[in-house]
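Engineer: With the working numbering applied, the sequence shown covers 131 to 527.
Shown below is the structure under consideration.
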Amino acid sequence: MTVLFGMTHDAVSLAERAGALAQFGGVRLMTVEDGAGRGVRVLEFNTGSGLRFSVTVDRAMDIAEVSHNGRPIGWQSASGIRHPALTHAEEEGGLGWNRSFNGFLATCGLDHILGPEEVPAETYRYPRRATVPQGLHGRIANTPARLTGYGEIWQGDRCILWAEGIVIQATLFGENLHLHRWIEADLGGNVVRLSDRVVNAGFARTPHMLMYHVNLGYPVIDDGARLLAPVGEPIFATHAKAGLAAQGVGYRTCPPPRRDWTEQVWEHDTTSDAEGRVPVAVVNDRLRFGIQIETAKTELPCLLQWQNFQSGNYVMGIEAATHHLPGNTFARERDEMIWLEAGEARSYHAEFRVLDGAADIAVAEARIAAIQRQPETDYPEPTGRFPPLYSAKDGAS
């Protein structure tokens, strides 16, 4: 049954109480009409529970704004929602992606994630193109989707708000990868569910990488906000050479904004539950508020944590990824690149759950601790041991 306003309802009981379901929740398609985002199509979801979120159709169907009862969860950058035509990823040494980086979810891929690199292109058999220049986090986030449907549907006594689309990353003499994306939430619910399928729609053997860059802002992150994750030990930290404690901030707890801050990125070795799921939560105990991100270990085996507590750019990213932090060349050298043959595909799933109240936080914390107790020190020493992931023979799933 659908629970709204402290009562259970089915389709008939809600229809008796209003002329349209939109009184309680639903999905609306709109367009940004001003500023750098002009022309971007946006789907607004309202579950009726206090959870609202927006899906930017023309930016890979990523999730931009997320709030619960008026409290923001997702981070908004200075760029805001920016039309993809204004972004040129190859600029600024491959860092042009940052000029449109914004929102709760930024999808990274589909053939590259992490830092700018130039990688071999021999599988495309084009003599004029020996290498592929890859900018920060790949091309998919700045690619519009073909919206194939959206709306509300009753399945028994459960009303589902949904949207689906296809995002195509393709070029002549290169990759032809299709991202089939489905996003849904229950009317009356506090959970967003994401299902992706990446297909090699071409005939050339094509590399594939994917990362969900989930970005959390104030007030979820604030002074004292905590990371809860089934971390056995950290694998790598970008700031280790400078000293893990050089900025006085470890992996577990957020500080207030700092004007002198330099970003830190950790990679953690995580443990999954019996069903292969990896839940990670960020909680603000003062507000009794937080978010839990859950992915599958077999699909996204790597967990990165981006700490950017810089004034004006105050954000922490939880990043579930197919590959380790050192990136594309590192994966190729270790024979861990995912290669998709013609018609092959891989599927990915993620769940984003609002933690509303001390009871929700306690349940999440107990569940995560039961899977794996995380290090109790703020500055656990990274092992430098990257667990093996895939081989070139590991094809589609």
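Glycine residues also receive a C-beta, built at the ideal position from the N, C-alpha and C atoms.
Bear in mind that the values here come from a model prediction, so they are computed numbers and not experimental data.
Within the chosen definition, does the region 160-168 reach the region 337-346 through at least 3 CB pairs nearer than 8 angstroms?
Structural biologist: Pairwise C-beta distances place the region 160-168 out of contact with the region 337-346, as fewer than three of them are shorter than 8 angstroms.
Engineer: For Gln-285, name the three-state secondary structure that DSSP assigns.
Structural biologist: Three-state result, Gln-285: strand.
Engineer: How about Pro-535 and Val-187: are their beta carbons less than 8 angstroms apart?
Structural biologist: One cannot answer for residue 535 here, as it falls past the ends of the chain, which runs 131 to 527.
Engineer: Please report how far the alpha carbon of Ile-211 lies from the alpha carbon of Glu-282, in whole angstroms.
Structural biologist: Those two C-alpha atoms are separated by around 25 angstroms.
Engineer: Relative to the alpha-carbon of Arg-311, which residue among Leu-324, Ala-461, Ala-251, Gly-318 has its alpha-carbon at the smallest distance?
Structural biologist: Leu-324
Engineer: Could you check the C-alpha separation between Asn-320 and Ile-351 for me, to the nearest Å?
Structural biologist: 19 angstroms
Engineer: Quick check: is any heavy atom of the ligand HEM less than 7 angstroms from the C-beta of Ile-501?
Structural biologist: Although the ligand HEM was asked about, the structure shown includes no ligands whatsoever.
Engineer: Kindly indicate which three-state DSSP category Ser-230 falls into: helix, strand or coil?
Structural biologist: If DSSP states are grouped into helix, strand and coil, Ser-230 belongs with the helices.
Engineer: In angstroms with no decimal places, state the Cα-to-Cα distance between Met-467 and Glu-397.
Structural biologist: Met-467 and Glu-397 have their C-alpha atoms roughly 18 angstroms apart.
Engineer: Could you have a look at Gly-473 and say whether DSSP puts it in helix, strand or coil?
Structural biologist: coil
Engineer: Once you ignore the five residues that flank Val-249 on each side, which residues in its own chain have a CB closer than 8 angstroms to its CB?
Structural biologist: If we look at Val-249 and ignore the five residues flanking it on each side, its Cβ neighbours are His-242, Thr-261, Val-262, Gln-264, Pro-337, Asn-458, Thr-459, Arg-462.
Engineer: Have a look at Cys-238, Ala-148, Ala-190 and flag the residue whose alpha-carbon is nearest the alpha-carbon of Leu-430.
Structural biologist: Cys-238
Engineer: When the Cα atoms are used, what is the spatial distance from Gly-304 to Asn-272?
Structural biologist: 18 angstroms
Engineer: Exposed or buried, Thr-452, counting other C-beta atoms within 10 Å across all chains shown (16 or more means buried)?
Structural biologist: buried
Engineer: Would you check if the distance between the CB atom of Asp-486 and the CB atom of His-198 is smaller than 8 angstroms?
Structural biologist: yes
Engineer: In the structure shown, what three-state DSSP assignment does Arg-356 receive?
Structural biologist: strand
Engineer: Tell me whether Asp-241 sits in a helix, a strand or coil according to DSSP, three-state version.
Structural biologist: Of the three classes helix, strand and coil, the one that applies to Asp-241 here is coil, per DSSP.
Engineer: Please say whether Gly-155 and Thr-177 have beta carbons closer to each other than 8 angstroms?
Structural biologist: yes
Engineer: Considering only residues of the region 138-215, which uninterrupted beta strand (DSSP E) runs meet the minimum length of 3 residues and lie entirely inside it, listed in chain order?
Structural biologist: 156-161, 171-176, 181-186, 192-198
Engineer: With three or more beta-carbon pairs closer than 8 angstroms as the criterion, would you say the region 426-442 touches the region 477-492?
Structural biologist: yes
Engineer: Would you call the region 382-399 and the region 435-449 touching, i.e. three or more CB-CB distances under 8 angstroms?
Structural biologist: yes
Engineer: Starting from Tyr-280, follow its DSSP beta bridges and name the residues at the other end.
Structural biologist: Note: Tyr-280 sits in a beta bridge opposite Ala-293.
Engineer: Mapping the DSSP letters down to three states, classify Ala-522 as helix, strand or coil.
Structural biologist: With a pLDDT of 48 at Ala-522, under the threshold of 50, the modelled position of that residue is not reliable, and no figure is offered here.
Engineer: Can Phe-183 and Ser-207 be called in contact, C-beta distance under 8 angstroms?
Structural biologist: no
Engineer: When the Cα atoms are used, what is the spatial distance from Ala-522 to Ile-270?
Structural biologist: A caution first: Ala-522 carries a pLDDT of 48, below 50, which makes its placement in the model unreliable, though a value can still be read off. Rounded to the nearest angstrom, the two C-alpha atoms are 23 angstroms apart.
Engineer: Can you list, in chain order, the residues of its chain whose CB lies under 6 angstroms from that of Trp-227, leaving out five sequence neighbours each side?
Structural biologist: Ala-219, Gly-265, Leu-266, His-267
Engineer: Can you grab the Cα-Cα spacing for the pair Leu-317 / Val-133, in whole Å?
Structural biologist: 8 angstroms
Engineer: Across which residues does DSSP place Trp-396 in a beta bridge pair?
Structural biologist: Ala-367, Gln-435
Engineer: Below 8 angstroms on the Cβ atoms is my contact criterion, and I expect Ala-334 with Thr-253 to pass it. Report the Cβ-Cβ distance as a whole number of Å.
Structural biologist: 5 angstroms
Engineer: Gly-447: which of Ala-426, Ala-411, Trp-469 sits nearest, CA to CA?
Structural biologist: Ala-411
Engineer: Given Val-408, which residues of its chain have a CB within under 6 angstroms of its CB, disregarding the five upstream and five downstream residues?
Structural biologist: Thr-400, Ser-402, Thr-425, Lys-427
Engineer: Buried or exposed for Tyr-256, please, with buried defined as at least 16 other CB atoms from any protein chain shown within 10 angstroms of its CB.
Structural biologist: exposed
Engineer: To the nearest angstrom, how far is it from the Cα of Val-172 to the Cα of Thr-217?
Structural biologist: 18 angstroms
Engineer: At what residues does the alpha helix (DSSP H) containing Phe-419 begin and finish?
Structural biologist: Counting along the chain, Phe-419 falls outside any alpha helix (DSSP H), though it belongs to the beta strand (DSSP E) covering 419-426.
Engineer: With distance defined between alpha-carbon atoms, name the residue in Arg-258, Val-445, Asp-490, Gly-362 nearest to Ser-507.
Structural biologist: The residue asked about is misnamed: residue 507 is Thr in this sequence, not Ser. Thr-507 has its Cα closest to that of Gly-362, out of Arg-258, Val-445, Asp-490, Gly-362.
Engineer: Going straight from the alpha carbon of Pro-385 to that of Gly-378, what length do you get?
Structural biologist: 9 angstroms
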